[in-house]
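Single-structure report; data block below.
Residue numbers (the UniProt record's numbering): 1 to 195.
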(Lines of atoms letter the chains of each structure in order from A and count residues from 1; the text may use other names and numbers.)
(Lines give C-alpha, C1' and ligand atoms only; values in the text may rest on other atoms or scores of the structure.)
Protein backbone atom coordinates (compact mmCIF):
# COMPACT_ATOMS: atom_id res chain seq x y z
CA UNK A 1 0.00 0.00 0.00
CA UNK A 2 1.34 3.43 -0.97
CA UNK A 3 1.51 5.97 1.83
CA UNK A 4 0.03 9.40 1.20
CA UNK A 5 -0.25 12.53 3.29
CA UNK A 6 -2.27 15.73 3.16
CA UNK A 7 -1.39 18.23 0.46
CA UNK A 8 -2.11 21.88 1.25
CA UNK A 9 -2.11 23.80 -2.03
CA UNK A 10 -1.82 27.57 -1.79
CA UNK A 11 -2.75 29.40 -4.97
CA UNK A 12 -2.19 33.02 -5.85
CA UNK A 13 -2.53 35.13 -8.92
CA UNK A 14 0.51 37.26 -9.77
CA UNK A 15 0.67 40.83 -8.42
CA UNK A 16 -0.78 43.71 -10.41
CA UNK A 17 0.98 43.91 -13.78
CA UNK A 18 1.88 46.80 -16.04
CA UNK A 19 -0.41 47.31 -19.06
CA UNK A 20 1.99 45.35 -21.30
CA UNK A 21 2.04 42.54 -18.67
CA UNK A 22 5.86 42.35 -18.78
CA UNK A 23 6.45 43.40 -15.17
CA UNK A 24 4.72 44.21 -11.92
CA UNK A 25 3.61 47.70 -11.01
CA UNK A 26 4.79 49.27 -7.74
CA UNK A 27 1.48 48.14 -6.24
CA UNK A 28 2.01 44.64 -7.64
CA UNK A 29 5.43 44.41 -6.01
CA UNK A 30 3.96 45.56 -2.68
CA UNK A 31 1.18 42.97 -3.01
CA UNK A 32 3.73 40.19 -3.53
CA UNK A 33 5.83 41.26 -0.53
CA UNK A 34 2.73 41.43 1.69
CA UNK A 35 1.67 37.95 0.59
CA UNK A 36 5.16 36.65 1.32
CA UNK A 37 4.99 38.13 4.82
CA UNK A 38 1.60 36.51 5.35
CA UNK A 39 3.00 33.12 4.37
CA UNK A 40 6.02 33.29 6.72
CA UNK A 41 4.42 30.95 9.25
CA UNK A 42 3.28 28.41 6.65
CA UNK A 43 5.69 25.46 6.32
CA UNK A 44 6.01 25.82 2.54
CA UNK A 45 8.30 23.33 0.84
CA UNK A 46 8.17 24.74 -2.69
CA UNK A 47 7.01 27.66 -4.79
CA UNK A 48 5.97 26.78 -8.33
CA UNK A 49 5.36 29.65 -10.74
CA UNK A 50 4.38 30.18 -14.32
CA UNK A 51 7.09 31.16 -16.82
CA UNK A 52 5.73 34.62 -17.64
CA UNK A 53 7.57 37.59 -16.08
CA UNK A 54 4.65 38.77 -13.92
CA UNK A 55 4.37 35.36 -12.22
CA UNK A 56 8.15 34.88 -11.92
CA UNK A 57 8.64 38.32 -10.37
CA UNK A 58 5.79 37.73 -7.92
CA UNK A 59 7.31 34.38 -6.90
CA UNK A 60 10.76 35.92 -6.35
CA UNK A 61 9.31 38.67 -4.14
CA UNK A 62 7.32 36.15 -2.10
CA UNK A 63 10.34 33.84 -1.76
CA UNK A 64 12.47 36.75 -0.50
CA UNK A 65 10.15 36.96 2.53
CA UNK A 66 10.56 33.25 3.35
CA UNK A 67 13.43 31.12 4.61
CA UNK A 68 15.00 28.81 2.05
CA UNK A 69 11.88 27.92 0.07
CA UNK A 70 12.91 27.07 -3.50
CA UNK A 71 11.02 28.74 -6.33
CA UNK A 72 11.03 27.36 -9.84
CA UNK A 73 9.20 27.95 -13.10
CA UNK A 74 7.01 25.25 -14.55
CA UNK A 75 4.86 25.38 -17.65
CA UNK A 76 1.71 23.84 -16.08
CA UNK A 77 1.58 26.87 -13.72
CA UNK A 78 1.40 29.19 -16.74
CA UNK A 79 -1.29 31.29 -18.36
CA UNK A 80 -3.52 29.33 -20.74
CA UNK A 81 -7.12 28.36 -21.47
CA UNK A 82 -7.54 25.02 -19.67
CA UNK A 83 -10.70 23.92 -21.46
CA UNK A 84 -12.59 25.25 -24.47
CA UNK A 85 -16.21 24.21 -24.03
CA UNK A 86 -18.66 23.20 -26.71
CA UNK A 87 -21.97 25.06 -26.84
CA UNK A 88 -23.93 22.06 -25.51
CA UNK A 89 -21.83 22.02 -22.30
CA UNK A 90 -22.91 25.53 -21.37
CA UNK A 91 -26.09 26.98 -19.88
CA UNK A 92 -28.13 28.15 -22.91
CA UNK A 93 -28.62 31.67 -21.56
CA UNK A 94 -24.84 32.19 -21.09
CA UNK A 95 -23.43 30.20 -24.02
CA UNK A 96 -22.94 33.13 -26.41
CA UNK A 97 -21.12 35.28 -23.85
CA UNK A 98 -18.89 32.46 -22.60
CA UNK A 99 -17.99 31.22 -26.09
CA UNK A 100 -17.23 34.77 -27.22
CA UNK A 101 -14.97 35.20 -24.18
CA UNK A 102 -12.96 32.02 -24.71
CA UNK A 103 -12.69 32.47 -28.49
CA UNK A 104 -11.10 35.90 -28.04
CA UNK A 105 -7.97 33.97 -27.04
CA UNK A 106 -6.07 33.04 -30.23
CA UNK A 107 -6.53 29.41 -31.32
CA UNK A 108 -2.81 28.63 -31.08
CA UNK A 109 -2.88 29.73 -27.42
CA UNK A 110 -5.97 27.59 -26.74
CA UNK A 111 -4.48 24.49 -28.39
CA UNK A 112 -1.94 23.60 -25.69
CA UNK A 113 -4.19 24.49 -22.72
CA UNK A 114 -5.89 21.10 -22.17
CA UNK A 115 -2.54 19.29 -22.03
CA UNK A 116 -1.12 21.79 -19.53
CA UNK A 117 -4.33 21.71 -17.48
CA UNK A 118 -4.05 17.92 -17.23
CA UNK A 119 -0.41 18.24 -16.19
CA UNK A 120 -1.36 20.82 -13.55
CA UNK A 121 -3.97 18.47 -12.07
CA UNK A 122 -1.45 15.61 -12.03
CA UNK A 123 1.31 17.71 -10.49
CA UNK A 124 -0.49 19.92 -7.97
CA UNK A 125 -3.62 18.09 -6.78
CA UNK A 126 -4.51 15.03 -4.74
CA UNK A 127 -2.91 13.72 -1.57
CA UNK A 128 0.89 14.00 -1.46
CA UNK A 129 2.99 10.87 -1.89
CA UNK A 130 4.89 9.86 1.25
CA UNK A 131 4.24 10.25 4.95
CA UNK A 132 4.86 14.01 5.31
CA UNK A 133 2.18 16.63 4.77
CA UNK A 134 3.09 18.95 1.93
CA UNK A 135 2.53 22.72 1.71
CA UNK A 136 3.12 24.16 -1.77
CA UNK A 137 2.48 27.57 -3.31
CA UNK A 138 1.60 28.02 -6.97
CA UNK A 139 2.00 31.56 -8.32
CA UNK A 140 -0.10 31.52 -11.45
CA UNK A 141 -2.91 33.25 -13.32
CA UNK A 142 -6.67 33.59 -13.05
CA UNK A 143 -7.58 30.78 -15.47
CA UNK A 144 -5.53 28.07 -13.74
CA UNK A 145 -6.83 29.04 -10.31
CA UNK A 146 -10.37 28.75 -11.66
CA UNK A 147 -9.51 25.37 -13.21
CA UNK A 148 -8.05 23.93 -10.00
CA UNK A 149 -10.89 25.25 -7.82
CA UNK A 150 -13.55 23.86 -10.17
CA UNK A 151 -11.77 20.48 -10.14
CA UNK A 152 -11.64 20.46 -6.33
CA UNK A 153 -15.39 21.09 -6.26
CA UNK A 154 -16.14 18.50 -8.98
CA UNK A 155 -17.75 21.21 -11.10
CA UNK A 156 -18.17 20.76 -14.88
CA UNK A 157 -15.05 21.52 -16.96
CA UNK A 158 -16.43 24.79 -18.35
CA UNK A 159 -16.94 26.18 -14.84
CA UNK A 160 -13.38 27.56 -14.62
CA UNK A 161 -14.91 30.59 -16.33
CA UNK A 162 -16.52 33.11 -14.04
CA UNK A 163 -14.20 32.46 -11.09
CA UNK A 164 -12.30 35.71 -10.74
CA UNK A 165 -9.23 35.95 -8.52
CA UNK A 166 -7.69 39.18 -7.30
CA UNK A 167 -4.01 39.92 -7.72
CA UNK A 168 -1.93 38.42 -4.88
CA UNK A 169 -5.05 37.06 -3.15
CA UNK A 170 -4.77 33.65 -1.52
CA UNK A 171 -6.79 30.50 -2.19
CA UNK A 172 -6.13 27.30 -0.26
CA UNK A 173 -7.14 23.78 -1.31
CA UNK A 174 -6.64 20.73 0.90
CA UNK A 175 -6.31 17.15 -0.34
CA UNK A 176 -6.54 14.64 2.54
CA UNK A 177 -6.15 10.91 1.91
CA UNK A 178 -9.57 9.25 1.85
CA UNK A 179 -11.54 12.53 1.70
CA UNK A 180 -12.85 14.74 -1.09
CA UNK A 181 -10.81 17.85 -1.86
CA UNK A 182 -11.65 20.85 0.32
CA UNK A 183 -11.79 24.52 -0.58
CA UNK A 184 -10.38 26.03 2.63
CA UNK A 185 -10.41 29.66 1.47
CA UNK A 186 -10.97 31.50 -1.79
CA UNK A 187 -9.63 34.87 -2.95
CA UNK A 188 -8.58 35.96 0.56
CA UNK A 189 -7.18 39.50 0.46
CA UNK A 190 -6.96 40.17 4.20
CA UNK A 191 -3.18 40.72 3.92
CA UNK A 192 -3.61 43.46 1.30
CA UNK A 193 -4.50 47.09 2.03
CA UNK A 194 -7.97 48.22 1.02
CA UNK A 195 -8.07 49.85 -2.39
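Where is the CB? At the ideal position from N, CA and C, for every residue including glycine.
At 3 residues or longer, what runs of the beta strand (DSSP E) sit wholly inside the segment 127 to 190?
134 to 140, 170 to 175 and 182 to 188
Does the segment 14 to 32 touch the segment 102 to 115, meaning 3 or more C-beta pairs lie closer than 8 Å?
no
Hey, out of 170, 54, 169 and 144, whose CA is closest to residue 158's CA?
144
Rounded to the nearest angstrom, what separates residue 165 and residue 147 at their Cα positions?
12 Å
Check whether the Cβ atoms of residue 140 and residue 13 lie closer than 8 Å to each other.
yes
By the 10 Å Cβ neighbour count, where 16 or more other Cβ atoms means buried, how is residue 124 classified, buried or exposed?
It is buried - the Cβ of residue 124 has at least 16 other Cβ atoms within 10 Å.
Roughly how many whole angstroms lie between the Cα atoms of residue 189 and residue 15?
Whole-angstrom Cα-Cα distance: 12 Å.
Is residue 29 helix, strand or coil when you go by DSSP?
helix
Check whether the segment 166 to 184 touches the segment 2 to 12, counting contact only when three or more Cβ pairs, one atom from each stretch, lie closer than 8 Å.
yes
Examine the Cβ distances between the segment 50 to 58 and the segment 131 to 140 and report whether three or more of them are shorter than 8 Å.
With a cut-off of 8 Å on Cβ pairs, the segment 50 to 58 is in contact with the segment 131 to 140, counting three or more such pairs.
So the beta strand (DSSP E) residue 12 belongs to, where does it begin and stop?
7 to 13
Check for me: the alpha helix (DSSP H) holding residue 83 runs from which residue to which?
Run containing residue 83: none; DSSP gives neither H nor E here.
Tell me the DSSP secondary structure of residue 125 in three-state form.
Coil, per DSSP.
Exposed or buried, what is residue 116 when buried is set at 16 or more other beta-carbons lying within 10 Å of its beta-carbon?
So residue 116 counts as buried.
Could you work out which residue in 25, 155 and 64 is closest to residue 182 when comparing CA atoms only?
When only C-alpha atoms are compared, the closest one is 155.
Tell me the DSSP bridge mates of residue 4?
129
Give me the residue from 59, 82 and 46 with the minimum Cα distance to residue 70.
46
Residue range of the unbroken alpha helix (DSSP H) whose run includes residue 112
Per DSSP, residue 112 belongs to no alpha helix (DSSP H) and is neither H nor E.
Beta-carbon proximity list for residue 110, same chain, < 7 Å, skipping 5 on both sides:
81 and 84
Opposing strand residues paired with residue 62 [DSSP bridges]
Answer is none; residue 62 lacks a bridge partner.
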